[in-house]
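**Student:** Under the working numbering, the first residue of the sequence shown carries the number 22, and numbering increases by one thereafter.
Using N, Cα and C, we set each Cβ at its ideal position, and we do this for glycine too.
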Amino acid sequence: MNARPLMVVVGPTAVGKTAVGVHLALCLTGEVVSADSRQIYRHMDIGTAKPTPEERARVPHHLLDVVAPDQTLTLAEYQELAYAALRDITARGRLPLIVGGTGLYVRAVAEGWTIPRVPPNPALREVLQERAEREGGAALYAELRAVDPAAAARIDPRNVRRVIRALEVYHGSGRPFSEQQRRQPPPYDLLWIGLTMPRAELYRRADARIERMVAAGWADEVRDLLARGYGPELPAFSALGYPEMAACVQGRLSLEEAVALIKRNTRSFIRHQYAWFRPQDPRLHWFDMSEPRIDGIEALARSFLESRM
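Next comes the structure, spelled out in structure tokens:
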């Protein structure tokens, strides 16, 4: 008996993953499992570019709005929730699609990482966080690179929370985080779809999306988060653009300065995303989204399913 099919749609921010996921789900009777480490937070809709209410009404989306901004969701917890969603979707005879740009989430699920079960150590986290604030996140990243270069290569140096977790695992177990991430692939037959476009065009597309987010009320969304008691010190506020928008709302940056910084940091983030899914990866079927490609993506997906019937 063939393994159950699972489609994975990856690519950098602003390339069009959400639209492709919705299209494939509609034409192939599927449902989307989000693989975005910021769309898990409630009340953070505009700046994280969550699927719109209309898109969510047309296609069921899983693992959106999972936790409040002051709560944490570990990679192990995300993986468990994702596997539960995949089982539920397939049990109902529908096609699951993992869609998202968080490479860590995608690969942990699709490749079946065995994630270290080192429990959180609040005291150590506080010490490491204080160091990050005093010495800068680069100091912690340098320490991680010294004790576990493989883990450091997979973590964005700006993601202090992930760096702290990797160091926490190392200090709590005495073994590098990367050595404890064995793989046991889940029981699915995977089709990997990568979306891309020329870098200059992708940057222009990302800039335009940021402008639309601002026009849609991103500053008001951040103002509401602050009014609810969710401050910039929370891990949720490390989401792309939220620190800058919070600084704008609090009067520390002008809107023009905040938008310029968000655009610059988004470009840096896009470059990092390509480190997770490289063009030479033989698993990935790449589609250039600068030209209409949805028919070709759908044809590939249908051929994949037909070959497994």
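Please state the DSSP three-state secondary structure of H44.
**Tutor:** Within the sequence shown, the letter at position 23 stands for residue 44. H44: helix per DSSP, three-state reduction.
**Student:** CA-CA distance, V53 and A40?
**Tutor:** By 1-based counting over the sequence shown, the position of residue 53 is 32. By 1-based counting over the sequence shown, the position of residue 40 is 19. In a straight line, the C-alpha of V53 is about 11 angstroms away from that of A40.
**Student:** Answer yes or no: does any C-beta atom of chain C fall closer than 9 angstroms to that of P178?
**Tutor:** Protein chains in the displayed structure number just one, and chain C is not present.
**Student:** Can you give me the Cβ contacts of G158 inside the same chain, cut-off strictly under 6 angstroms, excluding the 5 residues immediately before and after it?
**Tutor:** Taking the sequence shown and counting its residues from 1, one reaches residue 158 at position 137. Correct list, in chain order: V181.
**Student:** Less than 9 angstroms between the C-beta atoms of F298 and G133, yes or no?
**Tutor:** Locating residue 298 in the sequence shown gives position 277, counting from the first residue. Locating residue 133 in the sequence shown gives position 112, counting from the first residue. For F298 and G133, no; Cβs fall outside 9 angstroms.
**Student:** Leaving out five residues on either side along the sequence, give the residues of the same chain with a beta carbon under 6 angstroms from the beta carbon of R59.
**Tutor:** Numbered from its first residue, the sequence shown carries residue 59 at position 38. T69 and A260, listed in sequence order.
**Student:** State whether the segment 96 to 111 contacts the segment 190 to 201, with contact taken as three or more CB pairs (one from each stretch) at a distance under 8 angstroms.
**Tutor:** Touching, no.
**Student:** Is Y191 closer than 9 angstroms to P178 when the C-beta atoms are compared?
**Tutor:** Along the sequence shown, one-based indexing puts residue 178 at 157. Along the sequence shown, one-based indexing puts residue 191 at 170. No; because the gap between Cβ atoms is not below 9 angstroms, this pair is not in contact.
**Student:** Quick one: Cα of M22 to Cα of G42, how far?
**Tutor:** For the purposes of this step, residue 22 is taken as the residue at position 1 of the sequence shown. For the purposes of this step, residue 42 is taken as the residue at position 21 of the sequence shown. In this prediction, M22 has a pLDDT of 44, which is less than 50 and means its spatial position is unreliable; what the coordinates show is noted afterwards. Spanning the two alpha carbons is a distance of roughly 27 angstroms.
**Student:** Give the single residue among I315, Y104, L27 and G121 whose Cα lies nearest to the Cα of P33.
**Tutor:** Taking the first residue of the sequence shown as 1, we reach residue 33 at position 12. If we check each option's Cα against that of P33, G121 comes out closest.
**Student:** Once the 5 residues before and after A227 are set aside, which same chain residues still bring their CB inside 6 angstroms of it?
**Tutor:** For the purposes of this step, residue 227 is taken as residue 206 along the sequence shown, with counting starting at 1. For A227, where only same-chain residues beyond five positions count, the Cβ hits under 6 angstroms are A35 and T287.
**Student:** Which residues bound the beta strand (DSSP E) around T217?
**Tutor:** Within the sequence shown, the letter at position 196 stands for residue 217. Y209 to T217 is the extent of the beta strand (DSSP E) around T217.
**Student:** Can the beta-carbon of L305 be found closer than 9 angstroms to that of W213?
**Tutor:** If you number the sequence shown from 1, residue 305 lands on position 284. If you number the sequence shown from 1, residue 213 lands on position 192. Taking 9 angstroms as the Cβ cut-off, L305 and W213 qualify as a contacting pair.
**Student:** Is G32 helix, strand or coil when you go by DSSP?
**Tutor:** The count along the sequence shown starts at 1 and reaches residue 32 at position 11. G32: coil per DSSP, three-state reduction.
**Student:** Does V222 come out as helix, strand or coil in the three-state DSSP assignment?
**Tutor:** Numbered from 1 along the sequence shown, position 201 holds the residue referred to as residue 222. First, the amino acid is wrong: residue 222 is Glu here, not Val. The answer is helix: DSSP assigns E222 an H, G or I state.
**Student:** For V88 versus I119, is the C-beta distance shorter than 9 angstroms?
**Tutor:** Position 67 of the sequence shown, counted from the start, is the residue given in the question as residue 88. Position 98 of the sequence shown, counted from the start, is the residue given in the question as residue 119. Not a contact, by the Cβ cut-off of 9 angstroms.
**Student:** CB Y224 to CB I315, shorter than 9 angstroms?
**Tutor:** Working through the sequence shown from its first residue, we reach residue 224 at position 203. Working through the sequence shown from its first residue, we reach residue 315 at position 294. No, these two residues do not count as a Cβ contact at 9 angstroms.
**Student:** Measure the C-alpha to C-alpha separation of P264 and R186 and round it to an integer number of angstroms.
**Tutor:** Reading the sequence shown from its first residue, position 243 is the one you call residue 264. Reading the sequence shown from its first residue, position 165 is the one you call residue 186. If I take the Cα positions, the gap works out to 21 angstroms.
**Student:** Measure the Cβ-Cβ separation of Q271 and L247 and say whether it is below 9 angstroms.
**Tutor:** What you label residue 271 is simply residue 250 of the sequence shown in a count that begins at 1. What you label residue 247 is simply residue 226 of the sequence shown in a count that begins at 1. Contact: yes.
**Student:** List the whole-angstrom C-beta distance separating V127 from V235, where the pair is believed to meet the contact cut-off of C-beta under 8 angstroms.
**Tutor:** The residue labelled residue 127 in the question sits at position 106 within the sequence shown. The residue labelled residue 235 in the question sits at position 214 within the sequence shown. At roughly 28 angstroms, the Cβ-Cβ gap does not stay under 8 angstroms, so V127 and V235 are not in contact.
**Student:** Going by DSSP in three states, V235 sits in which element: helix, strand or coil?
**Tutor:** As a first step, residue 235 must be located in the sequence shown, where it is residue number 214. If DSSP states are grouped into helix, strand and coil, V235 belongs with the helices.
**Student:** Around the C-beta of T73, are 16 or more other C-beta atoms found within 10 angstroms, so that it is buried, or is it exposed?
**Tutor:** Along the sequence shown, read from residue 1 onward, the residue named residue 73 stands at position 52. The residue is exposed, with fewer than 16 neighbouring Cβ atoms inside 10 Å.
**Student:** State the DSSP-derived secondary structure class of P74, mapped to helix, strand or coil.
**Tutor:** If you number the sequence shown from 1, residue 74 lands on position 53. Three-state result, P74: helix.
**Student:** State the Cα-Cα distance for the pair Y136 and K38, rounded to the nearest angstrom.
**Tutor:** Taking the first residue of the sequence shown as position 1, residue 136 is located at position 115. Taking the first residue of the sequence shown as position 1, residue 38 is located at position 17. The sequence shown places Ile at residue 136, not Tyr. For I136 and K38, the distance between alpha carbons rounds to 26 angstroms.
**Student:** When DSSP labels each residue in this structure, what does R285 get in the three-state scheme?
**Tutor:** Counting from 1 along the sequence shown, the entry for residue 285 is found at position 264. DSSP places R285 in helix when its eight states are reduced to three.
**Student:** Cα-Cα, which of L276, L255 and T217 is closest to P313?
**Tutor:** Within the sequence shown, the letter at position 292 stands for residue 313. When each option's Cα is compared against that of P313, the closest is T217.
**Student:** Could you spell out the range, first to last residue, of the alpha helix (DSSP H) harbouring G193?
**Tutor:** Translated into positions along the sequence shown, residue 193 becomes position 172. From DSSP, the alpha helix (DSSP H) with G193 extends over V181 to S194.
**Student:** Taking the C-alpha atoms as reference points, what is the distance between P81 and A167?
**Tutor:** The count along the sequence shown starts at 1 and reaches residue 81 at position 60. The count along the sequence shown starts at 1 and reaches residue 167 at position 146. Answer to the nearest angstrom: the Cα atoms are 43 angstroms apart.
**Student:** Indicate the three-state DSSP secondary structure (helix, strand or coil) for V168 in the structure shown.
**Tutor:** Locating residue 168 in the sequence shown gives position 147, counting from the first residue. V168: helix per DSSP, three-state reduction.
**Student:** Within the same chain, show all residues whose beta-carbon is closer than 7 angstroms to that of L149, passing over the 5 residues directly before and after it, in chain order.
**Tutor:** For the purposes of this step, residue 149 is taken as residue 128 along the sequence shown, with counting starting at 1. Taken in chain order, the residues that qualify are L161, I185 and L188.
**Student:** Flag this pair as yes or no: are the beta carbons of L27 and A105 separated by less than 9 angstroms?
**Tutor:** In the sequence shown, the residue the question calls residue 27 occupies position 6. In the sequence shown, the residue the question calls residue 105 occupies position 84. No, these two residues do not count as a Cβ contact at 9 angstroms.
**Student:** Quick one: give me the first and last residue of the alpha helix (DSSP H) that L145 is part of.
**Tutor:** Along the sequence shown, read from residue 1 onward, the residue named residue 145 stands at position 124. Counting along the chain, the alpha helix (DSSP H) containing L145 begins and ends at P143 to E156.
**Student:** Do P90 and A257 have their C-beta atoms closer together than 9 angstroms?
**Tutor:** Reading the sequence shown from its first residue, position 69 is the one you call residue 90. Reading the sequence shown from its first residue, position 236 is the one you call residue 257. Going by C-beta atoms, P90 is nearer than 9 angstroms to A257.
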